[in-house]
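Visitor:
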Amino acid sequence: MGRYVVKRLLQAIPVLLVIATLTFFMVRLAPGGPFDEEKKVPKEIKERIEKHYGLDQPLWKQYLSYMGNLVQGDLGPSFKYAGWTVAELIGSSAPVSLMLGLLAMLIALSIGLPAGLIAALYKNSPVDYFAMSGAMIGICLPTFVMGPLLILGFSSGMGWFAPLGWYTWSDMVLPSLTLGLYYAAYVARLTRGGMLEVLSQDFIRTARAKGASERRVMLKHALKGGLLPVVAFIGPAFAGIISGSFIIETIFFIPGLGRFFVTSALNRDYTMVLGTVLFYALLIIVMNIIVDLVQAWLNPRTRLE
Amino acid sequence: MKPLCCTLSLLFLAACSRPPTNVEAGLETQVLHFGNGAEPKSIDPHVGTSVGANNIISALLEGLMAEDPRTLDPVPGVAERMPEVSTDGRVYTFTIRKSAKWSNGDPVKPSDFEFSWHRMLNPELGARYAEFLYDIKNARRYNLGRKCDGGLWLFNTRKVQTAAHAAEWAKLSEPERNATFASLKPPEDSGAKPTCPFCKKNLEVPAWDDWKLADVGVRAHDANRTLVVTLENPNPLFLEKLNHYSYFPVHPPTIDRFNAHIRKDTKWTHNAGDYVGNGPFMLRNWAINARLETERNPHYWDRANVKLNGVYFYPIDKKDTEERAARAGFLHSTQSLPAHRLDFLTRKWPTHYKAEPYLGVYFYRFNVTEPPMDDARVRRAFSISVDREQLVKYVLRGGQEPAYGLSPGMGKFEAKARYKFDPAEAKRLLEEYIAEKGDAGRKLLENVELKYNTSEDHLKIAEAIQSMWKENLGVEVALLNEEWKVFMSTVEELDYQISRMGWIGDFRDPITFLDLWVTGGGNNNTGWSSAKYDDLIARARREPDLAKRFTIYNQCEDILAAEMPVLTIYFYRKHYLLHPTVKGWHPTVLDHHPLKHVYLKATD
Amino acid sequence: MTAADQTPGASLWRDAWRRLSRNRLAVASGVAFILVTLLCVVGPFVTSYTANHADLKSSYQPPSTNHWFGTDHLGRDLFVRTLSGGRISLAVGILATAVSLVIGVAWGSIAGYFGGRLDSVMMRFVDILYSLPFVIMVILLMVWFERNFLLLFAAIGLVEWLTMARIVRGQVVSLKNTEFVEAARALGYSRLRIIFRHLLPNVIGPVIIYATLTVPAVMLLEAVLSFLGLGVQAPMSSWGLLINEGAEKIDVYPWLLAFPAVFFSLTLFSLNFIGDGLRDALDPKSSKD
Amino acid sequence: MPLLEVDNLKTWFHTRDGVVRAVDGISFTLEKGQILGIVGESGSGKSVTVHSLMGLVPSPPGRLESGTAQFDGSDLLQSAQRELRTLRGKRIAMIFQDPMTSLNPYLRISEQLIEPLVIHEDASREAAMPRAIEMLEKVGIHDAAERVHSYPHEFSGGMRQRVMIAMALITNPEILIADEPTTALDVTVQAQILRLLKELQTDLGVSVIFITHDLGVVAEIADNIAVMFRGKIVEQGSVLSIFENPKHPYTKGLLACRPRLDSTFTILPTVADYLEIIETGDGETELLEKEPDLVQPEPEKKVVGENEESLLEVRDLSVHFPVHKSLWRGASESVKAVDGISFKIYKGHTLGLVGESGCGKTTTGRAILKLVEPTAGEIRFDRDYLQHLPPEAMLPYRKRMQIIFQDPYASLNARLTLEQTITEPMHVHGLAHSHAERRDRAVALLEEVGLEAAFLRRYPHEFSGGQRQRLCVARALALEPEFIVCDEAVSAMDVSVQAQVLNLLKELQSRRGLTYIFISHDLSVVKFMADTMAVMRAGKIVEHGESEAIYANPRDEYTQQLIEAIPRDSVESIRQRVG
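Chains as they are written, first to last, in this note's numbering: chain S, 23 to 327; chain Z, -11 to 592; chain R, 503 to 791; chain E, 290 to 868.
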């Protein structure tokens, strides 16, 4: 199994290099450079700043030097945050986003899974419609509406939580709830679909013929197969949370990674853009490998060649 | 079903054990929680550029002069007493306090200031705010100059001060001198070094120690703790400038240890132990994008009068989030407020809501090189057809003052209104223009574009003015929003007809507003130039007498009012929330609130 | 078989329509969606106010008899702005989905049918596109299409087609070695004719289902872009923009958020349920019960 | 006292398109220690009957209208789900048709095996395991101890069916219901399973209800038989009486239309020759007896002229599929589906390709038509060599060679009308000038295969399996081919429909002079159709020659084994067995 993971990671390297190359040149297409600021400075000074970061070199030379460092794992300095390297910034913010992602995914599963199971058990009954439309709320309210609503309700309203920050345990509740509700909807729909798919298989009929109760049929026989689509969704979704939680981070002032995905682009912080993109790409690849492993464990038929 | 119940119970538990808010705790801990706006790029005084950086640096370091918390007038800081000034107002002699100490116990010596100002001016560091030090003699030449064996070529002012080549230089005529300078600049992509036209040697950027003893007008005499500063021109407001953090000292041994003389990306400012400062507070911890904590500096000379135990700076860039935090008692003060909440806050939170005059002006630039804006009548028509009173009353709703001139009132200089809202006159001017230009003119007026950078506030103002132009001039101006960096490059390349701009003064000296429009000025970007205006600005810089300076400033304002390269709209007003328990915090036009005077006391 | 008559056969589409029309929830959603669309198209003509007419004196007015949905910060009538905003949001959603449909189906079917190395190269390209920085792409698109926002959202469609391509490819691969495709090859059909005659008609089902789910996804994306200030530009408005402006002023001027949010959520609700209904109707397996 | 007595059982399905009377009032009894065979074609309601007894009919559409099922003093049909559950898997066990999908792919065999013990006897895993292993050995799986922990997909079809049987009998139930247990298996494996079931039945004394559509299987195993047709039992009795003198016309038709090794029919009789079905009023049907006039034309002896050229000759044909094909290393090892076979077919003849699943017969058929790239060997069709032709060059041969597939549901594009399906190939080859002319040809083809012209505008899903296969034949004939590969063309059909299609194929051969390769795993069907025959095993031809000669005395040991495995359904063999 270890060999399989190593093989998949090796396969990922060319993909990462291509992504790095594409992004490297794409970022430079956007007008405006990392050091343009509202207060203009004499040309010579700006030239010196760019010289310091090697931006005065011809583009292909910059590309070669960047790739040279990248291969040795050096993501270069951040242009915007003087003195900080890209690795440090990602290193300090990634754990926060991972925690947020984990909590959100925990909430999504603990709401989505039961809702999906119940909806599948009582198919096309009022319970089914109630569970599904309830889950739908998560999808229809964008996060930047759900966030302020939850703050209005639980923070300024009931005063239970601080409206922002990421310093104490109670600060983590509202942001992960906002994110969690959105993903709970998808988990619920996928669980329902997955379970119905498995329940229509022949071996369910065999299980019933053996005298198994409905509960046993659902949990012992149907659950394992039914969860396959959910597992397939959780992997990439988790990576999506890490990189996509810019909105949550601005509304709740959380020092996460999502912020860098957007601000690095707006600041034309080339190395930061590349750093975040490569981090995201690596995360997606790792998550896909994990998903494949879990699916192989769940479904013995899929061999890991 | 089990996972669902345990999540809910977890939520409930976390909720009811709510700790006291920062403001409630502040009364005992005497720790101020300060909303500081966007995360500063750096807190190295010679590198940082944003307002956020200024707030932090002013807490960690202190310049020769400090400012009175109420009137912002200069008062002695690290200097023991007010400096002796020479009769011609060009030489200032400061004496450093014996008790002034760095946060690691080292005494503050005059040579620290000399070291710091040299670092600031060093061309290799490329500090953005080096121009603030150009008041000092030869500072500008040193900062922008290049040198060859024969002497120094000064790029920007097309002059050369060099003994060796003076003779050849004198022989050249004006066009020849310009050609020489043109040849000095290497072709863009060649990367080759410029060569001296006379001795054909490569022109080098003066290295760090080449110029230490050069003729930059600052001399330190550690023995008797004095610092002699010689100015380029006498400047009555120079003492006020000394309170800008570009003049603050850095701790030379730390700079040596981190080899940060000419490098901006060193780490000396990141950790508590390394950041050695001489201000009332010292760095305790910096979690980027989360919180910068400072604590009382035990070695500060005036530590007795410092009441706060620490200040926590929060880099919250979204205004709504910051405002919510203040109302929830998470922050003592915010950096700004979202415009749409001003009404609500004036009604519901009067004790917290602050709206104070702020040294800034909001204006639109005209691109005078492109018709129809090349015609002064059209510019004037566009300007006087904007009803600034209604805009301020209904759109901004923040008590801002309409701007009928460029510089806001500051210190002893008061702004005089030079034009007023006159839609009839505006219509007449436009008709006169169309009559003269005929169909071409009308066609030009049909596709006028106003470009601004993405923000809800700029959009609101632009939409309001757009509808005023439609009503008063019958001209439908298109609004085009551009992402920040794209906007800056379009403005720089004059790829616009009208574009938005705001400018906040760094000193209470109208020159910071007026010198923007000199020919070829870095921030001019209107294509407008007037020799008379340039000459006035140059004379103002050299004028020692304050009153005479102000008359020159008014003449400049008159030229601007006549030619109208810019459409001034309103003077800024600082809106923010301040918790009533914050004492010793006074409204100032530069929004400076020296934190050493601030303290927290329950309102009885 | 009963005596055969000349009437045309009950095609799968008619069966699907019959099954769909029995699904009460899907029908209700369909009606709601059409109602909202009609209201957006017709609505603005009903009142005298125009979307961009600013009346500074009456800014931030609550819903009243003359302003049914109240006014915004410039005193513009929110009823008209919500409906004209709706037009843009719907247009954006449908346009981007159309673009993603065309490219996704073409890309997926070619990759799926030809298989082998071509297939793995094409799908590897899709994987790479998935992880490119989306914000940078939007900025570039905004710079290149700065004038016309419709082109901008057609370009957004260029990003949305990735999942569609994957779905179509999966379907085509599974259909490729069914017997009726082999029969077609035996009958001498050319590859293109096989793709368009046999493969695509049988892939339409899942494609439609996914399309109905892409429209709301793109509308949500437009709203997020407005949050970043990169989406629809003034003076045009869209639900995303209106919700954005309203979201922060909930406690002060709640109606600014309420009306656009209701329309937005209603549309997303109905589209998602239509999508579900179509899935049950078109997917032969699930119609067995 | 019979073990199980079912009286007037009615189970109807209330679907959106009206009421389907799946089981319409049937009564039968099951004696202790007896095997009751329930025979009927698909849609006759045999499965629904046993599902109703076990309470497995999905309730929203299906509903028990009436009837009682006395078992050990209590009526199964009225007992609540909870009571029924204590019976299911404990006293009444069940095994199903398709071994591939009836076992849970996600759980190990061991867990599924011990489940009945865990549910009904509350046994712990450790206690139940030895009994599971013992049961596995009993059903003939050697080295059961190791294999018990593997997953279903690691077992062959036959092995899995054995596991199903072990799972059902582990709680030694009183009744075992077997719903078409051998239908999906190869004939040799089917024989082993039947023998196993027989032994276990006598050994454990369990009574069995055996459901199948194959009369041969029933003849081999059942004591009594009940024949079902459209939800009713048309005839019931001991196996000998039913086979010796069937009374009901449907039973007679059913017995007659099955091709058997010893039958000498040139045109198979069909159920329609014995039975006339009249639709009366509200869905009721009237069954009338018809006197079959089985006129049998002389079987014309096909003879090969001295120097007659063979239409198709294949020499050393092999097709290898690479396994673990990866980007860098190329194919490492490959599966040899077809491994060097040669044969000839003369114009107007039929070559039978026989063999069990996986022997390469289907791949051979596909390779000849270049639907699969042959790896080596020659294919000569009427003097032209096809093996190296690029796809475009195959176009003219596409007109002359056609194929008919096994699954009528998958071989027709559901989105096209019949007209489009049949006329488009003509359009591709430019056979007719105008659409009208193509339409007329289509009408003629439909009538030729026994379908009405009015069906042109209809869609495939509106037709039965038999009708769809006729459509496939019509489509194949659209290009007026000379040679058709019939790949298991009738395997998916009921016996009565099978007979009609076989007769149609034979009729078309004599009328149009077609040449067939008839691929099948059913030796009796091949005997009826083929002039010459080739038996294939693991990609090679083990025996080849005149079909009569091969059936008379098969030389190859594997062919003997195949023929031996065909269920004996002659009256003598039954009398011998039942005695």
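Quick reminder that beta carbons are idealized off the backbone N, C-alpha and C, glycines included.
Does any residue of chain E bring its CB to less than 8 Å from the CB of R211/S?
Guide: Numbered from its first residue, the first sequence carries residue 211/S at position 189. Not closer than 8 Å to any Cβ of chain E, the Cβ of R211/S fails to qualify, so no.
Visitor: With 16 as the cutoff for other CB atoms within 10 Å, does W646/R come out buried or exposed?
Guide: In the third sequence, counting from the first residue as 1, residue 646/R sits at position 144. With fewer than 16 other Cβ atoms within 10 Å, it is exposed.
Visitor: Could you spell out the range, first to last residue, of the alpha helix (DSSP H) harbouring N792/E?
Guide: As a first step, residue 792/E must be located in the fourth sequence, where it is residue number 503. Where N792/E is concerned, the enclosing alpha helix (DSSP H) stretches over V784 to R801.
Visitor: Going straight from the alpha carbon of V479/Z to that of Y352/Z, what length do you get?
Guide: Translated into positions along the second sequence, residue 479/Z becomes position 491. Translated into positions along the second sequence, residue 352/Z becomes position 364. Answer to the nearest angstrom: the Cα atoms are 11 Å apart.
Visitor: Run through chain R and tell me which residues come within less than 9 Å of V717/E, C-beta to C-beta.
Guide: Within the fourth sequence, residue 717/E is the residue found at index 428, counting from 1. By Cβ distance, chain R contributes L689, G690, Y691, S692 and R695.
Visitor: A699/E CB to nearest chain R CB: under 8 Å?
Guide: On the fourth sequence, residue 699/E is found 410 positions in, with the first residue counted as 1. Yes, A699/E counts as interfacial toward chain R.
Visitor: For T324/S, go through chain A and note every residue whose CB falls closer than 8 Å to its CB, in chain order.
Guide: Looking for chain A here will not work: the only protein chains present are S, Z, R and E.
Visitor: When you compare the region 718 to 729 of chain R with the region 161 to 175 of chain S, are there three or more beta-carbon pairs, one atom per stretch, that lie closer than 8 Å?
Guide: With the cut-off at 8 Å, the region 718 to 729 of chain R and the region 161 to 175 of chain S touch.
Visitor: Can you list, in chain order, the residues of its chain with a C-beta nearer than 6 Å to that of V516/E? Leave out the 5 residues immediately preceding and following it.
Guide: On the fourth sequence, residue 516/E is found 227 positions in, with the first residue counted as 1. Shown here for V516/E: same chain residues with a beta carbon closer than 6 Å to its own, the five before and five after excluded, namely V328, V523, E524 and T540 in chain order.
Visitor: By the three-class DSSP mapping on this structure, what secondary structure does R781/R have?
Guide: The residue you call residue 781/R lines up with position 279 of the third sequence. In this structure, R781/R counts as helix in the three-state DSSP scheme.
Visitor: Taking only beta-carbon positions, decide if N259/Z is within less than 8 Å of chain S.
Guide: The residue labelled residue 259/Z in the question sits at position 271 within the second sequence. N259/Z does not count as touching chain S.
Visitor: Between which two residues does the beta strand (DSSP E) carrying D262/Z extend?
Guide: Counting from 1 along the second sequence, the entry for residue 262/Z is found at position 274. Unbroken run through D262/Z: none, as it is neither H nor E.
Visitor: How many angstroms separate the CA atom of I161/S from the CA atom of G545/R?
Guide: Within the first sequence, numbered from 1, the residue matching residue 161/S stands at position 139. Within the third sequence, numbered from 1, the residue matching residue 545/R stands at position 43. Looking at the two C-alpha atoms, the distance is approximately 27 Å.
Visitor: Considering just the uninterrupted stretch of the alpha helix (DSSP H) at H724/E, what are its terminal residues?
Guide: Position 435 of the fourth sequence holds residue 724/E. It spans H724 to E737 - the alpha helix (DSSP H) in which H724/E sits, taken as one unbroken run.
Visitor: Tell me whether the beta-carbon of L218/S lies closer than 8 Å to the beta-carbon of A142/S.
Guide: Taking the first residue of the first sequence as position 1, residue 218/S is located at position 196. Taking the first residue of the first sequence as position 1, residue 142/S is located at position 120. Against a cut-off of 8 Å, the Cβ pair of A142/S and L218/S comes out as a contact.
Visitor: From the DSSP output, in three-state form, read off F535/R for me.
Guide: Here residue 535/R corresponds to residue number 33 of the third sequence, with the count starting at 1. F535/R falls in the helix class under three-state DSSP.
Visitor: Cβ of S513/R within 8 Å of Cβ of Y748/E?
Guide: Numbered from its first residue, the third sequence carries residue 513/R at position 11. Numbered from its first residue, the fourth sequence carries residue 748/E at position 459. Yes, these two residues count as a Cβ contact at 8 Å.
Visitor: Looking at chain S, is there any beta carbon in it that lies within less than 8 Å of the beta carbon of T150/Z?
Guide: In the second sequence, counting from the first residue as 1, residue 150/Z sits at position 162. Reliability of the predicted coordinates at T150/Z is poor, the pLDDT of 47 falling under 50, and the value obtained from them is presented with this limitation in mind. No, because no Cβ of chain S sits closer than 8 Å to the Cβ of T150/Z.
Visitor: Verify the CB distance criterion: does G54/S have a CB-CB separation below 8 Å to chain Z?
Guide: Position 32 of the first sequence, counting from 1, holds the residue named residue 54/S. By this cut-off, G54/S is an interface position.
Visitor: Give me the chain S residues within the contact set of I630/R, using Cβ-Cβ distance strictly less than 9 Å, ordered along the chain.
Guide: Your numbering for residue 630/R matches position 128 in the third sequence. Neighbours of I630/R in chain S, taken as residues whose beta carbon is under 9 Å from its own, are V37, V40, I41, L44 and A303 in chain order.
Visitor: Cβ of F694/E less than 8 Å from any chain R Cβ?
Guide: As a working mapping, residue 694/E is identified with position 405 in the fourth sequence. Yes, F694/E lies at the interface with chain R (some Cβ there is under 8 Å from its Cβ).
Visitor: What residue range is occupied by the uninterrupted beta strand (DSSP E) comprising P611/E?
Guide: Residue 611/E sits at position 322 when you count from the first residue of the fourth sequence. First-last of the beta strand (DSSP E) with P611/E: L601 to V612.
Visitor: Kindly indicate which three-state DSSP category K299/E falls into: helix, strand or coil?
Guide: As a position in the fourth sequence, residue 299/E is number 10, starting the count at 1. Here K299/E sits in strand by DSSP.
Visitor: As a quick exercise: from T338/E, T477/E and H722/E, pick the residue whose alpha carbon is nearest that of Q849/E.
Guide: As a working note, residue 849/E is residue 560 in the fourth sequence. Closest by alpha carbon: T477/E.
Visitor: Short check: CB of S30/Z to CB of M108/Z, under 8 Å?
Guide: Within the second sequence, the letter at position 42 stands for residue 30/Z. Within the second sequence, the letter at position 120 stands for residue 108/Z. For S30/Z and M108/Z, no; Cβs fall outside 8 Å.
Visitor: Distance cutoff 8 Å, beta carbons only. Does K220/Z sit that close to anything in chain S?
Guide: Position 232 of the second sequence, counted from the first residue, corresponds to residue 220/Z. The sequence given here has Glu at residue 220/Z, not Lys. Cβ-Cβ to chain S under 8 Å: no for E220/Z.
Visitor: Going by alpha carbons, who is nearest to S809/E out of R727/E, E645/E, R689/E and A827/E?
Guide: Residue mapping note: residue 809/E aligns to position 520 of the fourth sequence, counting from 1. Residue E645/E is the option with its Cα nearest to S809/E.
Visitor: Using the beta-carbon of each residue, which ones in chain Z are nearer than 7 Å to A184/S?
Guide: Locating residue 184/S in the first sequence gives position 162, counting from the first residue. What A184/S touches in chain Z: A316 and F318.
Visitor: Within 10 angstroms of the Cβ of D579/Z, are there 16 or more other Cβ atoms? Answer buried if so, exposed if not.
Guide: Numbered from 1 along the second sequence, position 591 holds the residue referred to as residue 579/Z. Its Cβ being crowded by 16 or more others within 10 Å, D579/Z is buried.
Visitor: Taking only heavy atoms of the ligand SAM into account, decide whether any of them is closer than 7 Å to the Cβ of F532/E.
Guide: Among the components modelled here there is no ligand, and therefore nothing to report on the ligand SAM.
Visitor: L151/S versus chain R: which residues are under 7 Å apart at the beta carbon?
Guide: Taking the first sequence and counting its residues from 1, the one referred to as residue 151/S is at position 129. Sequence check: residue 151/S is Tyr here, not Leu. Going along chain R in sequence order, the residues near Y151/S (Cβ under 7 Å) are L527.
Visitor: Grouping DSSP H, G and I as helix and E and B as strand, with all else coil, what is T652/E?
Guide: On the fourth sequence, position 363 is the one that residue 652/E refers to. Here T652/E sits in helix by DSSP.
Visitor: Who are the neighbours of N461/E on chain S, taking C-beta pairs under 9 Å?
Guide: Numbered from its first residue, the fourth sequence carries residue 461/E at position 172. Within 9 Å Cβ-Cβ: nothing; N461/E doesn't reach chain S, min ~14 Å.
Visitor: Work out the CA separation of S333/E and V507/E for me, nearest whole Å.
Guide: Residue numbering aside, residue 507/E sits at position 218 when the fourth sequence is read from its first letter. Residue numbering aside, residue 333/E sits at position 44 when the fourth sequence is read from its first letter. Whole-angstrom Cα-Cα distance: 16 Å.
Visitor: Determine the direct distance from the alpha carbon of L77/S to that of F47/S, and round the result to whole angstroms.
Guide: Numbered from its first residue, the first sequence carries residue 47/S at position 25. Numbered from its first residue, the first sequence carries residue 77/S at position 55. The alpha-carbon of F47/S is positioned some 13 Å away from that of L77/S.
Visitor: Name the chain R residues that come within less than 7 Å of R329/Z, Cβ to Cβ?
Guide: Residue mapping note: residue 329/Z aligns to position 341 of the second sequence, counting from 1. Under the 7 Å cutoff, chain R gives V754.
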